[in-house]
Amino acid sequence: MQSLVTRPIGGIRWILSTLMVASVFAIACSGDDPAATGEPATPKATSKPAEPATAPVTGISGEIVVDGSSTVFPITQAVAEEFRKLHPSVQIPVGLSGTGGGFKKFVSGDTVISNASRPVKDSERESLAAAGVEFIELTVAFDGLSMLANPANDFADCLTTEELRRIWEPESRLTSWSEVRAGFPDKKLVLYGPDADSGTFDYFTDEINGEEGAIRQEFYPAVDDNVLVQGIAGDSGALGYFGYAYYAANRDKLKLLAVDSGSGCVLPSDTTINDGSYSPLSRPLFIYVRIDALSRPEVRAFIDFYLENGASLASEVGYVGLPQSMYNDGLALVANPVPDVK
Numbered sequence: 061m062q063s064l065v066t067r068p069i070g071g072i073r074w075i076l077s078t079l080m081v082a083s084v085f086a087i088a089c090s091g092d093d094p095a096a097t098g099e100p101a102t103p104k105a106t107s108k109p110a111e112p113a114t115a116p117v118t119g120i121s122g123e124i125v126v127d128g129s130s131t132v133f134p135i136t137q138a139v140a141e142e143f144r145k146l147h148p149s150v151q152i153p154v155g156l157s158g159t160g161g162g163f164k165k166f167v168s169g170d171t172v173i174s175n176a177s178r179p180v181k182d183s184e185r186e187s188l189a190a191a192g193v194e195f196i197e198l199t200v201a202f203d204g205l206s207m208l209a210n211p212a213n214d215f216a217d218c219l220t221t222e223e224l225r226r227i228w229e230p231e232s233r234l235t236s237w238s239e240v241r242a243g244f245p246d247k248k249l250v251l252y253g254p255d256a257d258s259g260t261f262d263y264f265t266d267e268i269n270g271e272e273g274a275i276r277q278e279f280y281p282a283v284d285d286n287v288l289v290q291g292i293a294g295d296s297g298a299l300g301y302f303g304y305a306y307y308a309a310n311r312d313k314l315k316l317l318a319v320d321s322g323s324g325c326v327l328p329s330d331t332t333i334n335d336g337s338y339s340p341l342s343r344p345l346f347i348y349v350r351i352d353a354l355s356r357p358e359v360r361a362f363i364d365f366y367l368e369n370g371a372s373l374a375s376e377v378g379y380v381g382l383p384q385s386m387y388n389d390g391l392a393l394v395a396n397p398v399p400d401v402k
């Protein structure tokens, strides 16, 4: 991949299209060994979770279509794989078109569950209401949005939120690491990040630049975090960001940077994400479920299974599970769904 980034987003999507094909192929062929193929690893569960608290529903079948956030994808995919061991007649295709792209499919009725790395926007609520879609919001895990560099980077271990703002703000013209901080080398700075359909993009721009969607044009965007892993791993001047699980699955290819928001440098970890000290980039992750779909036995059984096993599977794929009381609150809401009309 070329390292010079000088064109706006619309003019560089073709650069990533080839990588996207390779990444999607890697996901489809998940039985391959990423270390052997050189492809980035998609986070996935490595052991069987605890048995569900309630007896599994027998004899169910059907299809549960899910789409949305690439950040939430690993958790939902892991839950789907474990659920299908109990209910092999239920098909659960899980797409990853980004949080925004997922909500568009949720509005159109193409999906019954929408993965989201941010809360639903007011404009999306209006579209859902206009389409007659009633839904509930369920929090499923915590994430620490992570800053990554290439392993060859031997000078940057921590960046302040002010430095991140100067790098990523719309008016930024920084093109060299030496412009980020005195003492950094005169090495080309090449940026990678989620595209505008991503909830991670929305969250990052809001927290770092102070306005959702406000960002410089000169960076390589992708909807699939595996594409970002591949870009950063192959570019010695790279800096990028995405969910912690994708770092955890590819830590041999990436360098994790600490973030200093004014109280010292903090790395994302289970502890710092859970207690909020990894600030301001710790965040909750969600799924949204159509209320009318909960009358289908396969959907209800899947959502119950998700919440009963969410803590262990979130941890398995690199995120932080919620306190059990929060999953219990979710189960109570599923049992007596009240439309989300905030």
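Residue numbers (my numbering): 61 to 402.
Just so you know, even glycine gets a beta-carbon here, dropped at the ideal spot from N, CA and C.
What are the residues that DSSP puts in a beta bridge with residue i?
i    : result
K248 : S236
A201 : L345
Y280 : Y252
Y301 : M207
T220 : D320
I196 : V349
E123 : Q151
V380 : F202
V139 : None, per the DSSP bridge assignment.
V289 : Answer by DSSP bridge pairing: none, since V289 is not bridged.
To the nearest whole angstrom, what separates the beta carbons of residue i and residue j, a pair I think is in contact under 8 Å?
i    : j    : result
L205 : Y348 : Between Y348 and L205 the Cβ distance is about 20 Å, and since that is not below 8 Å, they are no contact.
Y379 : Y306 : About 10 Å; that fails the 8 Å criterion.
F215 : F244 : 6 Å
S129 : A176 : 5 Å
Y263 : G291 : That belief does not hold up - the Cβ atoms of Y263 and G291 are roughly 20 Å apart, past 8 Å.
T235 : K248 : 7 Å
What is the DSSP secondary structure of residue i, reduced to helix, strand or coil?
i    : result
N210 : coil
T131 : coil
I173 : strand
G273 : coil
E184 : helix
K315 : strand
V359 : helix
V326 : strand
L156 : coil
G243 : coil
R226 : helix
R178 : coil
How should residue i be labelled, buried or exposed, when 16 other C-beta atoms within 10 angstroms of its C-beta is the threshold for buried?
i    : result
G370 : buried
G169 : exposed
K313 : buried
E271 : exposed
D203 : buried
P100 : buried
R233 : exposed
P230 : exposed
Could you pull out every residue in the same chain whose Cβ sits closer than 7 Å to the Cβ of residue i, ignoring the five residues on either side in sequence?
i    : result
D400 : F195, I196, E197
S375 : G381
P397 : I196, I351, L354
D217 : L317, A318
W228 : I268, N269, I275, R276
N388 : none
Using a Cβ-Cβ cutoff of less than 6 Å, which residues in the same chain neighbour residue i once the five nearest sequence positions on both sides are dropped?
i    : result
V167 : S187, L188, A191
G273 : T265
I152 : I124, A140
A96  : For A96, the predicted structure reports a pLDDT of 43, less than 50, and the residue's modelled location is therefore unreliable. The matter cannot be settled from this model.
R360 : L354
G160 : D257
A212 : S296
A308 : G378
A82  : Here the model assigns A82 a pLDDT of 36, short of 50, so the residue's position is not dependable and the matter cannot be decided.
In chain order, what residues of the same chain lie with their CB nearer than 8 Å to the CB of residue i, ignoring the 5 residues before and after it?
i    : result
S321 : T220, T221, S339, P340
G326 : Sequence check: residue 326 is Val here, not Gly. Once the five neighbours on either side are set aside, the close Cβ partners of V326 are A318, V319, D320, T332, S337, Y338, S339.
D330 : S375, V380
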